[in-house]
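Each remark here refers to the structure printed beneath this line.
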Amino acid sequence: MLTTSSKGSESRFSEIHELAEASELLAILECPICKEVPFPPIHHCDRGHIICFNCKSKLVNCPLCKANFSEGRNFPVESIILNSTLKCVYRANGCSVVLKGDAMEKHLKQCTFKGLSCLCHLGRYTSCAHSVELLPIPKYLSHLREGHMMLPNISKSPNLIFESGVLAEVSDTFWLGDYAFYDSKTFVIRQFMRNGLVYFSLGLIGDQQSAKKYLVNVSIASLTDKVSKVNWSIPTHSILCKEEEIMDKFCAVIPFSYIKAHSRLVSPSPNSKSSNKKIKLNFSVEYTLRHCSESQSVS
Ligand SMILES: [Zn+2]
Ligand SMILES: [Zn+2]
Ligand SMILES: [Zn+2]
Ligand SMILES: [Zn+2]
Ligand SMILES: [Zn+2]
């Protein structure tokens, strides 16, 4: 017993020692500009300084010695990196993934901490620089607040988001609605109109794994007859999801004509002589969140 346990701690010690050496080695191999461990293709200058592919594409010569970049790739360095254990480059955004270099290369393509382009330019809010430049997910909420002056939805119960507004009949549109906090996470309403259909969905400011844990009840009550009500129970989605995927899997869908029949008309007013006959309606929809594991409460 004693022998086994002392052997165990000895090998753990040597593992830690190896890891320390590996991280020192990786520090030597990092790109002089972005300070990240580069992935193939890795190039170097005529004097041998390595540089990552991204930084090289923005420069004309070596940032360390001004020598020209050589044509060839640095295969030994590439192979050392692909066989080393690396931390995700988006660790500052909150990613804690640690993988072998080749697996890390795959992870980086789909890391949810990489960031997203701001959805605001597509909606009723003014566009911003982040429609092009990626924004880390943990910073997205403060961006909505400070960059777009969006205020959270305050309703009588924490899992209820009540969205109301004016809906205009247009062929193709998308808009962000209110957002709310539930279970210490932030959810934002995303709605679409396409080919005479209206799509309602709720996005989690987070990854798809977390979004799978929540369901949302979408409910539209008639404003005309006070009796009709339609309900859907749909999963929430990650705001990293592409529009087509959301519309395909994570939406409650209803014809615009149904909403028209159950809403109050804003314009055109019945006695309006205006040639602009675009229909605008007052509408409201309720989003009620719950955990997947909870059974649906009957209201
Ligand atoms: Zn670089
Ligand atoms: Zn150089
Ligand atoms: Zn060769
Ligand atoms: Zn990552
Ligand atoms: Zn923005």
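Taking the working numbering, the leading residue of the sequence shown gets 242, the next gets one more, and so forth.
Backbone N, C-alpha and C fix where the C-beta goes; we use that ideal spot for every residue, glycine too.
Since the model is a prediction, treat every value here as computed from it, not as a measurement.
Can you tell me which of the three DSSP states residue i falls into?
i: C286; result: strand
i: S460; result: strand
i: K453; result: coil
i: P393; result: coil
i: N295; result: helix
i: D419; result: strand
i: N472; result: strand
i: P379; result: helix
i: Y499; result: helix
i: E484; result: helix
DSSP puts residue i in a beta bridge; with which residues?
i: F310; result: C286
i: L408; result: L522
i: L445; result: F428 and S479
i: K328; result: V339
Could you give the C-beta distance for residue i and residue j, rounded to a whole number, given that I count them as a contact under 8 Å?
i: K454; j: C533; result: 6 Å
i: I322; j: G356; result: The pair is not a contact, with the Cβ atoms about 23 Å apart (cut-off 8 Å).
i: T465; j: G444; result: That belief does not hold up - the Cβ atoms of T465 and G444 are roughly 30 Å apart, past 8 Å.
i: V318; j: L266; result: Not really, about 11 Å apart at Cβ, beyond 8 Å.
Between residue i and the rest of its own chain, which residues show a CB-CB distance below 6 Å, the 5 nearest in sequence each way excluded?
i: P279; result: C272 and C293
i: I274; result: C296 and P304
i: M391; result: L385
i: S504; result: L464, L522, N523 and F524
Who are the near neighbours of residue i in its chain, counting only those whose CB is closer than 7 Å to its CB and skipping five residues on each side?
i: L375; result: K355, G356, L357 and S358
i: S246; result: Any reading at S246 must be qualified, since the residue scores a pLDDT of 43, below 50, and its modelled position is unreliable; no value is offered.
i: K566; result: As shown, the chain starts at 242 and ends at 540. That puts residue 566 outside it, with no answer to give.
i: C336; result: C329, C352 and F354
Closer than 8 Å by C-beta to residue i: which residues in its own chain qualify, once you throw out the five before and the five after it? Chain order, please.
i: V339; result: T326, L327, K328 and C329
i: S311; result: H284, H285, C286 and D287
i: Q449; result: T353, H478, S479, L481 and C482
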